[in-house]
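S.K.: First residue of the sequence shown: 157, per this note's numbering; consecutive thereafter.
Ideal placement from N, C-alpha and C gives every residue a C-beta, glycine not left out.
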Amino acid sequence: MVLHTYVEKPRQTTDEIVIHAMCAELWIGSKPVAMTQPQHTFGLTPRLIKEYAHQLLDALYEQYGNGQRTGFERYAHEAQHSVSQCPVRPCAYHAAHLEPAIPRGQPR
């Protein structure tokens, strides 16, 4: 199980930073099998982020666990990605960073 997080800067385990978006991915052996739909999580408290991460584990377990909880208790790895790689659309980050600036007084 891999937890994919999209953050503004790489974080250390002791850092408290905003996780922009997240999703979970199930691997069996060396093959990716399934991925949850990425969702924006900015604005959620750390407690709610943890709860959501557990919900993602539970969702993959329900779909692929076959009654065997082993391997679905926790994430084996966290893959951090730049917020610029956020796959969620529409995305406030992309809207703010990718639209060209329009000089004041110019019509849109």
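Give me the Cβ distance between Y162 and A177, rounded to the nearest whole Å; I'm assuming they're in contact under 8 Å.
M.R.: Right, their Cβ atoms sit about 4 Å apart.
S.K.: Can you tell me where the alpha helix (DSSP H) holding A209 begins and where it ends?
M.R.: Per DSSP, A209 belongs to the alpha helix (DSSP H) from 202 to 220.
S.K.: List the endpoints of the continuous beta strand (DSSP E) containing C179.
M.R.: Segment 175 to 184, the beta strand (DSSP E) holding C179.
S.K.: On a Cα-Cα basis, can you pick out the residue from K206, M157, Q236, P202 that is closest to K187?
M.R.: The shortest Cα separation from K187 among K206, M157, Q236, P202 belongs to M157.
S.K.: For the beta strand (DSSP E) containing P188, name the first residue and the last one.
M.R.: Counting along the chain, the beta strand (DSSP E) containing P188 begins and ends at 187 to 191.
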